[in-house]
Amino acid sequence: MKLSKTIEQAHSHLELVQDSQIEELDFVWEGIKFHAVTSSAPDGTGVVRLSAKLGALYFTIEDSLQRSLAIEKVYSTNRGIDGTYSIERDGTVYFHSVTATQKKMSGKELISAMTLILLEAETHLRGLKAHLKSPSDLPT
Numbered sequence: 000m001k002l003s004k005t006i007e008q009a010h011s012h013l014e015l016v017q018d019s020q021i022e023e024l025d026f027v028w029e030g031i032k033f034h035a036v037t038s039s040a041p042d043g044t045g046v047v048r049l050s051a052k053l054g055a056l057y058f059t060i061e062d063s064l065q066r067s068l069a070i071e072k073v074y075s076t077n078r079g080i081d082g083t084y085s086i087e088r089d090g091t092v093y094f095h096s097v098t099a100t101q102k103k104m105s106g107k108e109l110i111s112a113m114t115l116i117l118l119e120a121e122t123h124l125r126g127l128k129a130h131l132k133s134p135s136d137l138p139t
């Protein structure tokens, strides 16, 4: 009964997304808040930008091992994926991905593109996030 209701709700949400022209979206995936936006170039091609605040480095006095592992992951991962990680002066770590597309995407196409980007980066995102302070623990 409950599963059937949940499946029906999921289908209705998907139908709404399919009919919509969403070009900007904020969502939470694996406990990470992402912001996605799509845009188009004058030549008709598109770009999907995905960004997230992953957390912050531990201070050396708090946990030097976690800090070292996070820094190593940032620099080793940046050589192996399409997205990039950056560390701000205050130790906050961000994920940025810019993906070129054949046309501007919206709605279901945008969600499909974001899904592929996240699936590709999933292992790296989880691995790095495990060595960072949670964004909810950071001052605003």
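If you count by numbering that gives the first Met the number 0, then the sequence shown holds residues 0 to 139, one letter each, in order.
Backbone N, C-alpha and C define an ideal beta-carbon position, used for all residues, glycine too.
Look at the alpha carbon of residue 21 and the alpha carbon of residue 112, and state the distance between them as a whole number of angstroms. Going by the C-alpha atoms only, they are around 13 Å apart.
Distance between beta carbons of residue 60 and residue 73, contact taken as under 8 Å: With a Cβ gap of about 20 Å, residue 73 and residue 60 do not count as contacting.
Report yes or no: do three or more beta-carbon pairs, one from the stretch 63-73 and one from the stretch 23-30, lie closer than 8 Å? Contact between the stretch 63-73 and the stretch 23-30 is absent: fewer than three C-beta pairs spanning the two stretches fall below 8 Å.
Exposed unless 16 or more other CB atoms sit within 10 angstroms - verdict on residue 43: Exposed, because fewer than 16 other Cβ atoms sit within 10 Å of the Cβ of residue 43.
Taking all protein chains shown into account, do 16 or more other C-beta atoms lie within 10 angstroms of the C-beta of residue 75, making it buried, or fewer, making it exposed? It counts as exposed.
Which term fits residue 133, buried or exposed, when burial requires 16 or more other beta carbons within 10 angstroms of its beta carbon? Exposed, by the Cβ-count rule.
Taking only three categories from DSSP, how would you classify residue 99? Strand, per DSSP.
For a quick check, are the C-beta atoms of residue 104 and residue 45 less than 8 Å apart? Note that the C-beta distance between residue 104 and residue 45 is below 8 Å.
Element boundaries [beta strand (DSSP E), containing residue 23]: First-last of the beta strand (DSSP E) with residue 23: 23-28.
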